[in-house]
Amino acid sequence: MSAAVLTAHQPSGYPGLHWPGAPPVLSLKPVVPRPRPRPEAVPRPSPSPTEATPTQVAMPTNPAAVGPSAAQAGVDTRRSHPQSSGNVRLTRPSTSCTLGLVHITEEAQVLELDAHMHQQQQQQEEQQEPQQKLPASRDPGRADTLCFSSDTLLKVWSQMVIVVPCKDEELSVIRAVLSHIPSACLVILVSNCPRENGDARYKQQVAMVEDLGGDGRRQILAIHQKDRAAAAAFRAAGMPELICPSDGAIRSGKGEGMLLGTALAAAFCAERRYIGFVDADNLFAPSVHEYCKAFAAGFAMSPAPEHEDTMVRLRWSSKPKLLRNGQYDYVSEGRCSRIVNSWLNRLLVTVPNHQWNGGTWGSGNAAATNNTNTNTTASPDSFVTTGNAGEHAMTMNLALKLRMAAGYAIEPFHFIDLLERGHLLAAPVAPSEAAPKPMIKPPRRKSIGPISPPPTHTTAGNNNTLPPVPNTPPPLTKPIRIFQVRTITPHYHRPSGDDHIRRMWAASLGSIFHGLRRYDSDADDECLGCRLDYPHSPLREDMHAFAARNGGTEDKTKELPRPRVYRALEEVDTERFWEVLGPSLGVGSLRGVGFAGGRF
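Here UniProt numbering is used: the first residue of the sequence shown is 1, the next is one more, and so on.
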């Protein structure tokens, strides 16, 4: 950064402005305003002695009463608004990609955060019963957009948990993020801040949470990721692979923190039907409120047969970068997202039996005639735009079904897990044949062991030997719809160095490279005959070559990093998890605001 940017100009008093000549505006002819036509004078009786003098008459509060106006002519210039504000308007997705049970929609865009709703649509929503499906509210006034009322958003928020994983962010930044989450949402703060000086930093976070949600203003749970009681609860519930053998605590990593937050939501907040995730390093906290609106709108768009298996993934409008000249460059896609999204889009067209629905492009488009939108901007090369979506939400049932990857691989691994279990392993079923809704708290099941083998299983003396392929996960039985939504506000966060970005995209590509390794073989009875288009996929070969050229492979193995993959929480006894962790509320690091009666 140049010295000119860092050095402020000397203050100037501006004693006077000396023009070299007469300003151009002075040489223009003065504009003489046209006289306004005055209405005919209305005779007024003389004021009585008791009336106030003109200087004592108070100005009317209604501007329409000041002087002659349209109101005197019987015209009402005021616009009628609905009683409730905060309606959100989005573009209506018209294109989707179907891969077995998985339906991925094209990117919808947030257009307005406080939109005017058509009166007919508002009346239709008022007639909806609370128990009915949230309406996919098509605005009669604009066929290409959807508008959702604040009441519809509130129905979702009152059943939503927002998990905020944090590490070393400033306390003021974390507080700002939490304060912009709708108060109807229950918040779970999972902190992995350094534990030193008697946990002074975490104690400050707890004090902030208590101040923010005190007197029943909010419901907030806070827990440290290294909490011993939480580790014991996971071990007792049947997930010992989450525990680090060296210190006996939960492993460090963003994915592990999100897994802890999901387990807390399932065990302590069983009545909540939705769960969302928001990053804590947001330097423009008002955008968090838009994220929550987009979450709720995405769930409201979900069709009835698939409403319980829905995921909403957000793409930021831009990521402003401060340039050396002091200007901002509003980059539409981050360095890591640009890489991961491109490989995910290549993967979509490689997977067999994929189908494009709607739009004007694609192959296997049997449904295009039913829903054609020539204005769509989606294409196979840029269809997936949310590969690394840190801000995403899903129904609680789907969160319990998904396997989760460790660290930065957690977001792109969602696509891999759903693709494998919803398409490559699952036989398509009609919505009417979908399995019944599973319980929020499934019965305790016998542990089947970790999905990913520990690193010690690698053959000694051969760093290039990969661990054994994990056991085949169970296929999904219900359709899953993934909504992609682009926000209207930019996202500001701390700049990351090149090494950090490299680790992020390497972990993300590693989840794709190793997650689909089993489908590279010519014959695999467990795969039900579903493989990529080639016996030895050029996709994986090209991915490895790209990573090797750009420093994304590990030094020892010369391979992309293999992320640790944890079993789905539906295999964990959440009742046992609550029994072990619940008594530590208020004693260990687990703290709660608005907590009563044992559970939220």
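Quick reminder that beta carbons are idealized off the backbone N, C-alpha and C, glycines included.
Reference residue i; option with closest CA among the options
{"i": "P245", "options": "G257, K226, L259", "result": "K226"}
{"i": "L146", "options": "A108, F546, R175", "result": "A108"}
{"i": "R562", "options": "L539, Q159, M504, E571", "result": "M504"}
{"i": "F268", "options": "V187, N341, Q327, K558", "result": "V187"}
{"i": "A568", "options": "V163, V312, L402", "result": "L402"}
{"i": "R564", "options": "N192, N357, G253, L178", "result": "G253"}
{"i": "H491", "options": "K155, G497, Y328", "result": "Y328"}
{"i": "K155", "options": "S183, C166, L585, S179", "result": "S183"}
{"i": "R273", "options": "I223, G334, R591, N397", "result": "N397"}
{"i": "I250", "options": "Y566, R576, G390, N325", "result": "Y566"}
{"i": "M208", "options": "P240, C185, S179", "result": "S179"}
{"i": "F577", "options": "E210, L259, W316", "result": "L259"}
{"i": "G552", "options": "K203, D247, A506, G515", "result": "A506"}
{"i": "R540", "options": "R549, L516, G198", "result": "L516"}
{"i": "E112", "options": "G390, G248, I223, S287", "result": "S287"}
Alpha-carbon to alpha-carbon, residue j and residue i
{"i": "L283", "j": "N353", "result": "43 Å"}
{"i": "S432", "j": "P479", "result": "Caution applies to S432, whose pLDDT of 41 falls short of 50 and renders its modelled position unreliable; the value that the coordinates give is listed next. For S432 and P479, the distance between alpha carbons rounds to 10 Å."}
{"i": "G588", "j": "P538", "result": "51 Å"}
{"i": "V190", "j": "S150", "result": "29 Å"}
{"i": "R338", "j": "N388", "result": "9 Å"}
{"i": "residue 618", "j": "H423", "result": "Here the chain has residues from 1 to 600 only, and residue 618 is not among them."}
{"i": "R201", "j": "G257", "result": "18 Å"}
{"i": "F148", "j": "A300", "result": "8 Å"}
{"i": "P380", "j": "I501", "result": "25 Å"}
{"i": "K293", "j": "T487", "result": "10 Å"}
{"i": "P130", "j": "S158", "result": "Only weak support exists for where P130 lies, its pLDDT of 39 falling under 50; the value from the coordinates is given anyway. In a straight line, the C-alpha of P130 is about 12 Å away from that of S158."}
{"i": "T98", "j": "L476", "result": "15 Å"}
{"i": "H289", "j": "I181", "result": "6 Å"}
{"i": "P583", "j": "L242", "result": "21 Å"}
{"i": "L560", "j": "S511", "result": "9 Å"}
{"i": "V110", "j": "S496", "result": "27 Å"}
{"i": "V580", "j": "Q205", "result": "24 Å"}
{"i": "D542", "j": "L101", "result": "28 Å"}
{"i": "N325", "j": "L425", "result": "53 Å"}
{"i": "residue 626", "j": "D144", "result": "An answer regarding residue 626 cannot be provided, because it is not within the stretch 1 to 600 covered by the chain."}
{"i": "R195", "j": "E210", "result": "20 Å"}
{"i": "F295", "j": "G334", "result": "21 Å"}
{"i": "P412", "j": "L418", "result": "10 Å"}
C-beta contact flag for residue i and residue j at 8 Å
{"i": "Q484", "j": "T105", "result": "yes"}
{"i": "N357", "j": "T152", "result": "no"}
{"i": "T395", "j": "T310", "result": "yes"}
{"i": "R175", "j": "L212", "result": "yes"}
{"i": "F277", "j": "L344", "result": "no"}
{"i": "H392", "j": "V312", "result": "yes"}
{"i": "D573", "j": "G238", "result": "yes"}
{"i": "A399", "j": "G255", "result": "no"}
{"i": "A409", "j": "S342", "result": "no"}
{"i": "G594", "j": "L585", "result": "no"}
{"i": "E420", "j": "P474", "result": "no"}
{"i": "P165", "j": "A280", "result": "yes"}
{"i": "L590", "j": "A229", "result": "yes"}
{"i": "C193", "j": "I162", "result": "no"}
{"i": "S332", "j": "R481", "result": "no"}
{"i": "F513", "j": "H544", "result": "yes"}
{"i": "I275", "j": "M404", "result": "no"}
Which residues DSSP lists as bridging residue i, in chain order
{"i": "I416", "result": "Per DSSP, none; premise fails for I416."}
{"i": "P165", "result": "V190"}
{"i": "D329", "result": "K321"}
{"i": "C97", "result": "I104, W356"}
{"i": "I480", "result": "V102"}
{"i": "G592", "result": "L221"}
{"i": "Y291", "result": "Partner(s): none; Y291 has no beta bridge."}
{"i": "A393", "result": "G276, V312"}
Residue i at chain B interface by Cβ criterion, 8 Å
{"i": "A200", "result": "Among the chains in the structure shown there is no chain B, since it carries only a single protein chain."}
Residue i: CB within 7 Å of a non-hydrogen atom of the ligand COA
{"i": "W157", "result": "For the structure depicted, the ligand COA is absent and the ligand set is empty, with no information on it obtainable."}
Inter-stretch contact (C-beta, 8 Å, three-pair minimum) for the region 258-266 and the region 110-118: Verdict: no, contact absent.
Cβ contact (3+ pairs, closer than 8 Å) linking the region 315-327 and the region 161-170: Verdict: no, contact absent.
Stretch pair the region 269-283 + the region 86-106: three plus CB contacts closer than 8 Å: Short answer: they don't touch.
Stretch-stretch touch, CB-based, cutoff 8 Å, three pairs: the region 380-389 with the region 339-356: Flag = yes, the region 380-389 and the region 339-356 touch.
Inter-stretch contact (C-beta, 8 Å, three-pair minimum) for the region 210-217 and the region 226-245: No, because fewer than three Cβ pairs between the region 210-217 and the region 226-245 fall closer than 8 Å, the two stretches do not touch.
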